[in-house]
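In what follows, a structure is listed as structure tokens, so that the remarks can point back to it.
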């Protein structure tokens, strides 16, 4: 139950990719037949991706993943609009792929406002509105948080940004393929996504860039992706992304409802059976598959190891920061005390998880928690 | 691809079947995020480290000096941006050459707009840069010298070892030395220690590995800034969930190249190079026999990658020849694949002192370890046939302009 870290590849996706790993290995930027076949496959994947997002194909740029897409969006817009201003607004709970480029920009003459969130992890659109100044060039607020699953009011934030003439980027890495994402309805200007979060391959992602939005390239040289992202196209990966996003966005609402029901069963069960536990993130405005808890008097790592022994893969939060003993910046932003933030557990479900698996977790978790808690605590 | 002669291996190569298996297996099953804590993740981490070791072995590097990227282009971007930003404007000068790949050239132009002072060193008629000239341009405020190993269009092998030695002599304040080794990697020897290299870029899909993965070698103790920031993967140097299938496929491809090095003489690297040289000689002679006006770009022999042959066919358009060859089942390129969409003359060919017409009339043939003598024969036949067909359209005014 660690599907927010990465998901398994769908067999249909692998099947779509295979020809481009073996026979049709042409370089998509060459002129002859082999290359043209690869080019057509890349363009078809671009169309599929655009369709899934309600975008135009020429607004989709393939990258090496969500992290590159976030880095590119933040730095690309900031540097392209440097003459217009040097202020950026984001939130305290963004993924490091957004926060660190912002910190980088701070060292290069930009000012960044890191908006706080409420105890459910929600950004207040009113805060965004109040933070926008004359020199604000970009607002970046994530679609859904990778640790606690809270879905942010991006449509409302996008509307405010548009009214004030500021570009809006959303890191939708956790959202695409899990909840409906339509760039036109949302009114966003830039949006990042990553294939391996929706049963596509690792090493490939995309950045949606609304037509007319200027941004500097991030990777230079070679002229691929219409001169905006250089490097020989990862054809198989791109084809895999296109196949996966099509699968992930078809009959999405039905699937999301089923997963949300499992999630609710898990959340209700844990809250009922385990004492001194807190659900993190918004109870309703959250990703269908995300359940995130903090257990008082427990270290998240030992909880994970005990679950692992019993065959349950989980995470303490973001895969990227596990291994470090620092409490998550997201949990601290919710106002949780350090000792509570350290006892965190994230279970992320997807369509392959079953009611029996949820029952199993509900069965073993109370005992593990009890065992790990020092005698007399709570 | 039966019946097809693929001679565009410097653009991209067919993955080894073993690589396809490894990639497909990793795609199918090994889906843990290697940066997660649980078991699925641990197993993948081990495999990643073994891939890293294989890449390192081909470079003469230690595994912890190898950082995976999304490809050679990213590695080149990173080496340049990362070094320049590390010095934070205190050492704004960069020395590079006129024949670098666009991923170096364009990054250098971006840095120039940011305030970098750039010296672009020219090359001779064969594409060689002179180590003495590089030396003459190094100053106190030089942050980086970036010189490619094998020129991707014409195959010239640059004197990187000599340049490394010159830089090493400059002592502790010496500039960093970066080598774009994408076109030489695995096929030709690389020894980062012996060459005194600080940074070196490689790519998987040029050596029968998968597309979308490459690596940057960063010598231990050499600090550069990251290019991609975020979750702290690759020891904090390159963020982003690891492209596990790509990296494992890359590792497998390296393993196959490594096994050649320990193999018996009959299959060793030397014998592969000997085979390449023979095929190259055959192709060069064959082309000249059909079309005596053809002009070979790059060295005749000696310090040239024996798997690259680049000819100008004065009076013809390279693109026209390419399509005529394609119609006959022979796939080549008009220069670097990356620039193939722009019918602009290649800056590399112009840097050799050739005319625009010559630059626009050129064709690159590039072989792989699977290229056979029979395929070279077929390519020569196809070229003869193609040129016969195209001859009436030859621009006579262009003749003798050389």
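Protein chains in written order, with the working numbering: chain A, 12 to 389; chain B, 1049 to 1450. Glycine included, each C-beta is placed from N, C-alpha and C at the ideal position. All figures in this text were calculated on a predicted structure; none of them were measured in a lab.
Residue 1151 (chain B) and residue 89 (chain A) look like a contact to me (Cβ under 8 Å); what is the Cβ gap, rounded to whole Å? Wrong, their Cβ atoms sit about 22 Å apart, outside the cutoff.
Could you spell out the range, first to last residue, of the alpha helix (DSSP H) harbouring residue 1333 (chain B)? 1317-1338
Contact the region 279-295 of chain A vs the region 214-227 of chain A: 3+ CB pairs below 8 Å: no
Residue ranges of each beta strand (DSSP E) run of no fewer than 3 residues wholly in the region 1384-1438 of chain B, ordered along the chain? 1410-1414
Run through the region 99-157 of chain A for me and flag every whole alpha helix (DSSP H) of 4 or more residues, listed as ranges in chain order. 107-117 and 136-142
Quick one: which residues of the region 186-217 of chain A get their C-beta closer than 7 Å to a C-beta of chain B? List them in chain order. 207, 212, 213, 214 and 215
Where residue 1392 (chain B) meets chain A, residues with beta-carbon distance less than 9 Å: Within 9 Å Cβ-Cβ: nothing; residue 1392 (chain B) doesn't reach chain A, min ~10 Å.
What runs of the alpha helix (DSSP H), each 4 residues or longer, lie entirely inside the region 211-295 of chain A? As far as the region 211-295 of chain A is concerned, its whole alpha helix (DSSP H) runs of at least 4 residues are 235-238, 246-260 and 263-284.
Residue of A:51, A:380 and A:113 minimising C-alpha distance to residue 313 (chain A): A:380
Could you pull the DSSP bridge partners for residue 1358 (chain B) from this structure? B:1345 and B:1412
Could you check if residue 1443 (chain B) is buried or exposed, using at least 16 other CB atoms within 10 Å of its CB as the buried criterion? exposed
Tell whether a beta-carbon distance below 8 Å holds between residue 1122 (chain B) and residue 1275 (chain B). yes
Looking only at DSSP bridge pairs, what is residue 1262 (chain B) linked to? B:1117 and B:1251
Listed in chain order, which residues of the region 1049-1078 of chain B have Cβ atoms closer than 9 Å to some Cβ of chain A? 1049, 1052, 1054, 1056, 1059, 1060, 1061, 1062, 1063, 1065, 1067, 1068, 1071, 1072, 1074, 1075, 1076 and 1077
What's the call for residue 1264 (chain B), buried or exposed, on a 16-neighbour Cβ count within 10 Å? buried
Three-state secondary structure assigned by DSSP to residue 1056 (chain B): Residue state, collapsed to three classes: strand.
Consider the C-beta atom of residue 213 (chain A) and the heavy atoms of the ligand NAD; say whether any pair is separated by less than 7 Å. This structure lacks the ligand NAD; in fact it carries no ligand of any kind.
Considering only their Cβ atoms, is the gap separating residue 1381 (chain B) from residue 1059 (chain B) smaller than 8 Å? Yes, the Cβ-Cβ distance between residue 1059 (chain B) and residue 1381 (chain B) is below 8 Å.
Find the nearest neighbour of residue 1354 (chain B) within the set B:1272, B:1417, B:1219 and B:1431, judged by alpha-carbon distance. The shortest CA-to-CA distance from residue 1354 (chain B) to any of B:1272, B:1417, B:1219 and B:1431 is the one to B:1417.
Suppose the cutoff is 7 Å on Cβ atoms and the five residues either side in sequence are ignored; what does the same chain contact list for residue 1431 (chain B) look like? 1335, 1338 and 1373
How about residue 135 (chain A): is its C-beta nearer than 8 Å to some C-beta of chain B? no
Going residue by residue through the region 1200-1231 of chain B, where are the continuous beta strand (DSSP E) segments of at least 3 residues, counting only ones entirely within it? 1224-1228
Cut-off 8 Å between Cβ atoms - residues of its own chain near residue 1387 (chain B), not counting five sequence neighbours on either side: Model confidence at residue 1387 (chain B) stands at a pLDDT of 49, short of 50, so the residue's coordinates are unreliable; what they give is reported in the following sentence. Same-chain partners within the cutoff: 1150 and 1394.
Run through DSSP, which three-state label would residue 334 (chain A) get? Caution applies to residue 334 (chain A), whose pLDDT of 49 falls short of 50 and renders its modelled position unreliable; the model cannot decide the point.
Cα-Cα separation between residue 55 (chain A) and residue 195 (chain A), rounded to whole angstroms: 21 Å
Assuming residue 252 (chain A) and residue 206 (chain A) are in contact, meaning their beta carbons sit under 8 Å apart, how far apart are those beta carbons, in whole angstroms? 4 Å
Distance CB(residue 221 (chain A))-CB(residue 69 (chain A)) smaller than 8 Å: no
Of all the CB atoms in chain A, is at least one closer than 8 Å to the CB of residue 1155 (chain B)? yes
Compare the C-beta of residue 43 (chain A) with all C-beta atoms of chain D and state if any pair is closer than 8 Å. Structure shown: chain D not included; protein chains present are A and B.
Under 8 Å: do the region 1242-1252 of chain B and the region 178-194 of chain A share three or more Cβ pairs, one atom per stretch? no
Given that a residue counts as buried once 16 or more other Cβ atoms are within 10 Å of its Cβ, and exposed if not, what is residue 1439 (chain B)? exposed
I want to know whether the region 1344-1358 of chain B touches the region 1259-1273 of chain B - three or more CB-CB distances under 8 Å. no
Could you name the residues of chain B that residue 232 (chain A) contacts, counting a contact when the two beta carbons are closer than 8 Å? The contacting residues are 1121, 1124, 1125, 1149, 1150, 1151, 1152, 1153, 1154, 1155 and 1386.
Nearest-angstrom Cα distance between residue 124 (chain A) and residue 142 (chain A)? Straight-line spacing of the CA atoms in residue 124 (chain A) and residue 142 (chain A) works out to 8 Å.
Cβ closer than 9 Å: which chain B residues qualify as neighbours of residue 107 (chain A)? 1277, 1278, 1279, 1280 and 1287
Assign residue 231 (chain A) to buried or exposed, taking buried as 16 or more other Cβ atoms, counted over all protein chains shown, within 10 Å of its Cβ. buried
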